[in-house]
Amino acid sequence: MAGISPSIPIYPNACDFQIQQQNIYVATGSQYFSNGGLDLFLRLKPIPDASHTRNRKTSPPDSECFPGTREEVVQDITTWADATDPAPGIKEKIIKTTPVAVVVYTPTAHIYWLHGFAGSGKSAISLKIANIFEGSRRLLASYFFFRNAGDRNTLNGFAATLSSQMASALPATVPLLEAALRADPGLLNHRVSLTRQMERLVYEPFRAVMQGEVLEDARAKGPFVIVIDGLDECEDKRGVEELIDQMLDFFERHPTIPLRVFIASRVEQHIRARLEVDGARLSDLNTYRTRGDINKFLEASFHAVAKRDRVVRAYVRVHGEWPTQSDMYHLVEHIGESFVLASSIFKFIVRPATEDDTSTPMERLPRTLTMNGLDSLYIQTLTRSQHLSHFHNIISTITLIREPLPIVGISDLLGIEAFEVIRVLLNLQAIIHVPGTDEEGSVALCHTSLRDFLTSESRSGPFFVPPSFHLHLSYHLVSSLSENSAVYRPAYSYGTWHLAHHWREAYACISTNEPFEAPDSLHANRLPYCAFLCHMFFYSLLNDFLITDSSPSLFTKCAKQLARAVECPDRRIKLWLEAGMGLNLLNCGTNFRREFTERTHQTVQRDLQRASAAISAKEF
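The sequence shown begins at 149 in our numbering and counts up by one.
Structure, rendered in structure tokens:
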């Protein structure tokens with residue numbers, strides 16, 4: 149039962165004075181009350197779609213444990229998290245001897261690492277664990293990494309997001325967090341080390357409040373739990389190593405602190421090398437039997453379809469049970485241990501018929517038995533839209549963008565109609581999340597394994613998304629940014645934040661000629677390709693952080709487009725050219741001067757002079 153907030157009179161007999169700014173902190177036992185919580189939340193700026201409470205339809209992964217499944221592994225995890233050490237401060241001690249054995253007490257590891265292959269259901273289990281401990285008021289925080297999902301694939305905002313949730317779960321930490329931010333105003337800056345942020349915003353405040361009634365309450369209910377899912381999807385591998393090292397060090401220094409950290413991820417060497425130590429418990433998800441759970445999920449799901457689908461209902465009335473026991477046996481045997489494959493195959497079988505595929509669920513089920521795992525499913529599904537206009541551009545865009553966009557955002561970015569995007573995506577809903585409206589929600593890959601598939605040429609073949617598409621994305625972003633509009637456009641906002649990233653990724657392609665040839669499908673309303681390259685030449689010069697070892701070659705190629713750009717009828721390049729001609733290439737920073745050889749400089753200068761002469765002779 150929740151406690152009642154105390155009523156405390158303040159200056160009851162005072163008059164004729166004002167209090168202009170106040171922060172009121174009241175601590176009563178394990179309860180804490182403050183009027184500054186909202187201000188703290190605004191200062192921390194937590195990532196809103198990183199926790200277990202996010203809208204999974206718009207912020208993947210969209211996975212949860214089917215009722216009655218994964219009970220064995222969940223029981224093991226909760227047993228670990230519930231364990232309390234009966235002998236605080238003692239790392240290892242012989243507590244009993246028997247005629248056949250010596251019983252040794254070893255404290256419970258503070259870290260639990262659940263690892264498994266892609267699609268084995270790790271994120272669903274993480275969600276289940278987070279919900280269980282939220283229900284018992286022991287969840288301190290949760291964080292779900294996800295590749296190509298904005299800040300969720302980096303460690304930017306990680307500490308702030310955890311501390312924001314901790315402030316809600318354990319309000320006594322609020323004044324400590326506020327004090328930390330006052331003492332170090334730059335603490336939330338991304339240039340501050342993760343170690344310092346975690347120490348000041350998570351570990352120190354938590355440890356400081358673990359005393360008195362708060363500590364006794366934690367010991368009575370059980371340790372608090374932090375859930376971290378998809379750690380392998382964080383791009384900052386060194387940051388992950390730093391995070392784990394600090395975590396292990398903290399628990400080594402404070403072995404009795406009532407805190408557990410549950411981590412779920414694929415096996416990556418930089419994670420395994422840090423966690424294969426005494427301070428962590430390792431659990432291989434592949435050792436748990438899952439076929440019974442998959443069979444339970446499929447039986448219940450097909451039963452629900454038979455109730456709501458008129459075609460299936462009519463078939464069952466005439467032919468009897470569907471799927472048959474034989475169908476189910478072969479389907480489960482074919483699926484093996486992969487929950488994501490089970491879910492994707494089920495969606496593939498029961499999806500609505502379309503103009504391009506009028507087959508029924510009963511006809512599709514036998515087809516799935518010839519699919520060779522996820523790759524075969526992805527190929528079979530993608531083939532259904534491969535012949536449609538803009539297919540490759542749409543799929544490549546969804547694969548490479550750093551944060552998902554709505555349907556209108558993708559269409560605006562590529563300069564095509566929203567209905568053209570929808571037409572491609574409708575056939576792909578077994579593997580790609582398609583929102584219900586064009587303007588709201590985001591188009592997102594249902595599972596990270598699909599991105600892995602599409603970016604591996606040996607696996608995806610004709611569906612391969614090459615790194616050079618970053619150059620084409622840069623082109624479309626610049627075109628979108630050049631189109632002024634008073635209406636909010638997601639593509640414009642995305643370009644403002646992420647153009648630099650895609651242009652940096654394009655550097656790897658500058659050694660080939662292909663990316664610098666205009667794509668075949670450029671639209672009349674888009675920028676001339678040479679004008680785009682001309683713009684990126686000046687854009688790179690004006691942004692020192694974009695200058696790399698590849699820059700001289702890149703600038704040489706782009707500068708050759710200047711004279712061609714002058715001859716373009718598009719008037720939008722006038723300001724770029726006029727502003728760019730005044731730049732002195734030798735004033736671009738010491739490192740750049742060292743990399744920019746005399747020969748390259750002379751080559752670029754010749755092109756600049758040629759373009760300048762053309763500009764002088766041409767009236768815009």
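The beta carbon of each residue, even a glycine, is placed where N, CA and C say it ideally should be.
Return the CA-CA distance between LEU629 and LEU598, expressed in angstroms with no decimal places.
-> Indexing the sequence shown from 1 puts residue 629 at position 481. Indexing the sequence shown from 1 puts residue 598 at position 450. Near 29 angstroms, if we compare the C-alpha coordinates of LEU598 and LEU629.
Own chain residues within Cβ distance below 8 angstroms of GLU100, not counting five before or after | For the chain, the structure presents residues 149 to 768; residue 100 sits outside this window and is missing.
Measure from the alpha carbon of ARG339 to the alpha carbon of each residue in LEU303, ALA368, ALA328, then state which is nearest.
-> In the sequence shown, the residue the question calls residue 339 occupies position 191. That would be LEU303, whose Cα lies nearest to the Cα of ARG339.
DSSP beta-bridge partners for ASP432?
-> Stepping through the sequence shown from its first residue, residue 432 is reached at position 284. Answer is HIS263.
Report the option in GLU485, PRO208, VAL375, ARG295 whose CA atom is closest to the CA atom of PHE432.
-> The residue you call residue 432 lines up with position 284 of the sequence shown. The identity of residue 432 in the sequence shown is Asp, whereas the question assumes Phe. Closest option to ASP432, Cα to Cα, is GLU485.
Look at the alpha carbon of GLY305 and the alpha carbon of ASP197, and state the distance between them as a whole number of angstroms.
-> Within the sequence shown, the letter at position 157 stands for residue 305. Within the sequence shown, the letter at position 49 stands for residue 197. Looking at the two C-alpha atoms, the distance is approximately 12 angstroms.
With distances taken Cα to Cα, identify the nearest neighbour of SER590 among MET510, ASP210, ALA327.
-> The sequence position of residue 590 within the sequence shown is 442, counting from 1. When each option's Cα is compared against that of SER590, the closest is ASP210.
Do HIS650 and HIS683 have their C-beta atoms closer together than 8 angstroms?
-> As a position in the sequence shown, residue 650 is number 502, starting the count at 1. As a position in the sequence shown, residue 683 is number 535, starting the count at 1. Not closer than 8 angstroms, so no.
Taking only the alpha-carbon atoms, compute the straight-line gap between HIS620 and ASP600 and give it to the nearest angstrom.
-> Mapped onto the sequence shown, residue 620 falls at position 472. Mapped onto the sequence shown, residue 600 falls at position 452. Rounded to whole angstroms, HIS620 to ASP600 spans 20 angstroms at the Cα level.
Who are the Cβ neighbours of PRO583 in its own chain at under 8 angstroms, not counting the five residues just before and after it?
-> Within the sequence shown, residue 583 is the residue found at index 435, counting from 1. Contacts found: LYS205, THR206, PRO554, ILE555, GLY589, SER590, VAL591.
Rounded straight-line distance, which links the Cα of ARG465 to that of GLU551 = As a first step, residue 551 must be located in the sequence shown, where it is residue number 403. As a first step, residue 465 must be located in the sequence shown, where it is residue number 317. Their Cα atoms are separated by approximately 46 angstroms.
Unbroken stretches of the beta strand (DSSP E), 3 residues or longer, contained in the segment 207–233 | The DSSP assignment places no complete beta strand (DSSP E) segment of no fewer than 3 residues inside the segment 207–233.
Under a Cβ-count criterion, where at least 16 other Cβ atoms within 10 Å of its own Cβ denotes burial, should VAL613 be classed as buried or exposed?
-> Here residue 613 refers to the residue found at position 465 of the sequence shown. When all chains shown are included, VAL613 counts as buried.
So which of THR201, SER688, LYS385 has the shortest CA-CA distance to ILE277?
-> Numbered from its first residue, the sequence shown carries residue 277 at position 129. Considering only alpha carbons, the answer is THR201.
With a threshold of 16 other CB atoms inside 10 Å of the CB of THR585, please say whether the residue is buried or exposed.
-> To locate residue 585, count along the sequence shown from 1; it is residue 437. THR585 counts as exposed, since fewer than 16 other C-beta atoms from the protein chains shown sit within 10 angstroms of its C-beta.
Specify the secondary structure class of TYR291 as computed by DSSP and reduced to three states.
-> Counting from one through the sequence shown, the residue named residue 291 turns up at place 143. Note: TYR291 maps to strand in three-state DSSP.
Is the distance from the Cβ of ARG512 to the Cβ of ALA257 below 8 angstroms?
-> If you number the sequence shown from 1, residue 512 lands on position 364. If you number the sequence shown from 1, residue 257 lands on position 109. With a cutoff of 8 angstroms on beta-carbon distance, ARG512 and ALA257 are scored as not near each other.
Determine the direct distance from the alpha carbon of PRO615 to that of GLY563, and round the result to whole angstroms.
-> Looking up residue 563 in the sequence shown gives position 415. Looking up residue 615 in the sequence shown gives position 467. Taking the straight line from one Cα to the other gives about 21 angstroms.
Please classify VAL635: does DSSP put it in a helix, a strand, or coil?
-> As a working mapping, residue 635 is identified with position 487 in the sequence shown. Coil.
Work out the CA separation of ILE374 and VAL572 for me, nearest whole Å.
-> Within the sequence shown, residue 572 is the residue found at index 424, counting from 1. Within the sequence shown, residue 374 is the residue found at index 226, counting from 1. Answer to the nearest angstrom: the Cα atoms are 40 angstroms apart.
Same chain only: Cβ atoms within 6 angstroms of LYS495, ignoring 5 sequence neighbours per side | Mapped onto the sequence shown, residue 495 falls at position 347. Closer than 6 angstroms at Cβ, skipping near neighbours: ALA578.
Between SER274 and PHE293, which are expected to be in contact by the criterion C-beta below 8 angstroms, what is the C-beta distance as a whole number of angstroms?
-> Walking along the sequence shown from the start, residue 274 turns up at place 126. Walking along the sequence shown from the start, residue 293 turns up at place 145. Not really, about 10 angstroms apart at Cβ, beyond 8 angstroms.
Rounded straight-line distance, which links the Cα of CYS382 to that of ASP461 | Here the question's residue 461 lines up with position 313 in the sequence shown. Here the question's residue 382 lines up with position 234 in the sequence shown. Strictly speaking, residue 461 in this sequence is Arg, with Asp absent from that position. C-alpha separation (whole angstroms): 45 angstroms.
Secondary structure at ALA198, three-state DSSP: helix, strand or coil?
-> The sequence position of residue 198 within the sequence shown is 50, counting from 1. Three-state DSSP puts ALA198 in coil, outside helix and strand.
Note the first and the last residue of the continuous alpha helix (DSSP H) segment covering SER335.
-> Stepping through the sequence shown from its first residue, residue 335 is reached at position 187. This sequence places Leu at residue 335; Ser is not what is there. Per DSSP, LEU335 belongs to no alpha helix (DSSP H) and is neither H nor E.
Does DSSP classify LEU573 as helix, strand or coil?
-> Residue mapping note: residue 573 aligns to position 425 of the sequence shown, counting from 1. The answer is helix: DSSP assigns LEU573 an H, G or I state.
Given that a residue counts as buried once 16 or more other Cβ atoms are within 10 Å of its Cβ, and exposed if not, what is THR645?
-> Your numbering for residue 645 matches position 497 in the sequence shown. Per the sequence presented here, residue 645 reads as Trp, with Thr not at that position. Classification for TRP645: exposed.
Residues bridged to LEU593 by DSSP?
-> Within the sequence shown, the letter at position 445 stands for residue 593. According to DSSP, LEU593 bridges with ILE580.
Since ALA412 is in the beta strand (DSSP E), which residue starts that stretch and which ends it?
-> Your numbering for residue 412 matches position 264 in the sequence shown. Unbroken beta strand (DSSP E) run through ALA412: 407–413.
Evaluate SER537 with the Cβ neighbour count: other Cβ atoms within 10 Å of its Cβ, from every protein chain shown; 16 or more gives buried, anything less gives exposed.
-> In the sequence shown, counting from the first residue as 1, residue 537 sits at position 389. SER537 comes out exposed.
Give the range of the alpha helix (DSSP H) segment to which VAL388 is assigned.
-> One-based indexing of the sequence shown puts residue 388 at position 240. Note, VAL388: alpha helix (DSSP H), 385–401.
In angstroms, rounded to a whole number, what distance separates the CA positions of SER627 and LEU363?
-> Working through the sequence shown from its first residue, we reach residue 627 at position 479. Working through the sequence shown from its first residue, we reach residue 363 at position 215. Between the alpha carbons of SER627 and LEU363 lies a gap of roughly 58 angstroms.
Does DSSP classify GLU743 as helix, strand or coil?
-> Counting from 1 along the sequence shown, the entry for residue 743 is found at position 595. Low confidence applies to GLU743: its pLDDT is 46, below 50, so where it sits in the model is not reliable enough to give any reading.
With ALA272 and PHE487 assumed to form a contact (beta carbons below 8 angstroms), what rounded beta-carbon distance in angstroms separates them?
-> Mapped onto the sequence shown, residue 272 falls at position 124. Mapped onto the sequence shown, residue 487 falls at position 339. Yes, they are in contact, since the Cβ atoms of ALA272 and PHE487 sit about 7 angstroms apart, within 8 angstroms.
Considering only C-alpha positions, which residue in the set TYR623, ARG637, HIS467, VAL635 is nearest to LEU647?
-> Along the sequence shown, one-based indexing puts residue 647 at 499. Among TYR623, ARG637, HIS467, VAL635, the Cα nearest to that of LEU647 is on TYR623.
Where the beta strand (DSSP E) containing ILE376 begins and where it ends = Along the sequence shown, read from residue 1 onward, the residue named residue 376 stands at position 228. Looking at the DSSP string, the run of the beta strand (DSSP E) that includes ILE376 is 372–377.
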